[in-house]
Amino acid sequence: MTVLEDLYQNEVQKLPLSSQSEIALINTAIEKGGLGYLDSPAQKLIDPMALNEPTAPDLAVALQKINSNDPVEVVRDDTSVRIEFNDDLLFSSGEAELKTEGSNVLNKWVDLLQQQTGVIFVEGHTDDQLIATRRYPSNWELSASRASAVTRYFIERGIESDRLRAVGYADTRPRNRGKSSEARKRNRRVSIVIQTLT
Numbered sequence: 007m008t009v010l011e012d013l014y015q016n017e018v019q020k021l022p023l024s025s026q027s028e029i030a031l032i033n034t035a036i037e038k039g040g041l042g043y044l045d046s047p048a049q050k051l052i053d054p055m056a057l058n059e060p061t062a063p064d065l066a067v068a069l070q071k072i073n074s075n076d077p078v079e080v081v082r083d084d085t086s087v088r089i090e091f092n093d094d095l096l097f098s099s100g101e102a103e104l105k106t107e108g109s110n111v112l113n114k115w116v117d118l119l120q121q122q123t124g125v126i127f128v129e130g131h132t133d134d135q136l137i138a139t140r141r142y143p144s145n146w147e148l149s150a151s152r153a154s155a156v157t158r159y160f161i162e163r164g165i166e167s168d169r170l171r172a173v174g175y176a177d178t179r180p181r182n183r184g185k186s187s188e189a190r191k192r193n194r195r196v197s198i199v200i201q202t203l204t
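Each residue of the sequence shown is one higher than the one before, counting from 7 in this note's numbering.
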């Protein structure tokens, strides 16, 4: 795992971090390959989770047990399982308050997330259409608020808060780089990323 003392050296002295600082640090950590060991007061917040990641095969079996007809995409790779929810399943356009239907969709996944161990990243993604409202001056605020809303929902359903990380990416990680309405729809999403061991 990546050693992140250099990323946190200055920030851990200012704990608790602001939401923007935490988002920036997590984004940098992901880019560099994942969370690692810290010789700092923040170590207790991160290291235990890194030691308890589920195995990919075990998680694959658990995923097969979920009976869901919702248009949710599950993507597996060597180090994680990513569950992709299109934004219109969870939110109204330009909003970050969970719809009742969105809560019902997420609720189907709570048991799975509770049964797993390790860190769960909740990522908010938007399309490249600019937003500039009083509440959400840009896509950064909208994506981060949506990730936070899903994170809060999981905490309210009993998932330990120290396992969850809310991250906003705006339009910087598109699934489809096209400019069509369908491409943009695929890019507006919330991703639940479960880190796994091989």
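Cβ coordinates follow ideal geometry from the N, Cα and C atoms, glycine included.
Q. Rounded C-beta distance between Y159 and G130? I'm assuming under 8 Å.
A. Within the sequence shown, numbered from 1, the residue matching residue 159 stands at position 153. Within the sequence shown, numbered from 1, the residue matching residue 130 stands at position 124. Wrong, their Cβ atoms sit about 13 Å apart, outside the cutoff.
Q | Through-space distance from V111 to L96, alpha-carbon basis | A | Residue mapping note: residue 96 aligns to position 90 of the sequence shown, counting from 1. Residue mapping note: residue 111 aligns to position 105 of the sequence shown, counting from 1. Spanning the two alpha carbons is a distance of roughly 8 Å.
Q: Take S151 and list the residues in its own chain whose beta-carbon comes closer than 6 Å to its own, dropping the five residues that flank it on each side.
A: On the sequence shown, residue 151 is found 145 positions in, with the first residue counted as 1. Correct list, in chain order: A102.
**Q.** Residues of its chain near E166, where Cβ-Cβ distance is below 6 Å and the 5 sequence neighbours each way are ignored
**A.** Numbered from its first residue, the sequence shown carries residue 166 at position 160. Contacts found: none.
Q: Kindly indicate which residue of T132, G164, R171 has the alpha-carbon position closest to the one of N182.
A: Your numbering for residue 182 matches position 176 in the sequence shown. Of the candidates T132, G164, R171, the one whose C-alpha sits nearest the C-alpha of N182 is T132.
Q. Who are F160's beta bridge partners in DSSP?
A. What you label residue 160 is simply residue 154 of the sequence shown in a count that begins at 1. Partner(s): none; F160 has no beta bridge.
Q) In chain order, what residues of the same chain have a beta carbon less than 8 Å from the beta carbon of Y142, not counting five sequence neighbours either side? A) For the purposes of this step, residue 142 is taken as the residue at position 136 of the sequence shown. Cβ neighbours of Y142 beyond the five flanking positions: G100, A102, L148, S151.
Q. Hey, V128 and A172: beta-carbon distance below 9 Å or not?
A. As a working mapping, residue 128 is identified with position 122 in the sequence shown. As a working mapping, residue 172 is identified with position 166 in the sequence shown. Yes. Within cutoff.
Q) Cβ of A153 within 9 Å of Cβ of L104? A) Taking the sequence shown and counting its residues from 1, the one referred to as residue 153 is at position 147. Taking the sequence shown and counting its residues from 1, the one referred to as residue 104 is at position 98. Result no, Cβ atoms of A153 and L104 do not sit closer than 9 Å.
Q.
Excluding the 5 residues flanking R163 on each side, which residues of the same chain have their C-beta closer than 6 Å to its C-beta?
A. Residue 163 sits at position 157 when you count from the first residue of the sequence shown. Answer for R163: V116, listed in chain order.
**Q.** Beta-carbon contacts of A138 that lie in its chain and below 8 Å, excluding the five residues immediately before and after
**A.** The sequence position of residue 138 within the sequence shown is 132, counting from 1. Within the same chain, Cβ atoms closer than 8 Å to the Cβ of A138 are found at S144, the five residues on either side in sequence being excluded.
Q: From the DSSP output, in three-state form, read off Q201 for me.
A: If you number the sequence shown from 1, residue 201 lands on position 195. Strand, per DSSP.
Q. Any idea which residues DSSP pairs G174 with across the strands?
A. Locating residue 174 in the sequence shown gives position 168, where the first residue counts as 1. Per DSSP, G130.
(Q) So R82 and S197 are supposed to be a Cβ contact under 8 Å. How far apart are they, rounded? (A) On the sequence shown, residue 82 is found 76 positions in, with the first residue counted as 1. On the sequence shown, residue 197 is found 191 positions in, with the first residue counted as 1. With 8 Å as the limit, R82 and S197 do not qualify as a contact, their Cβ atoms being about 13 Å apart.
Q.
Just to confirm the assignment, what range does the alpha helix (DSSP H) spanning R82 have?
A. Residue 82 sits at position 76 when you count from the first residue of the sequence shown. Element bounds for R82: not the alpha helix (DSSP H) but the beta strand (DSSP E), 78-82.
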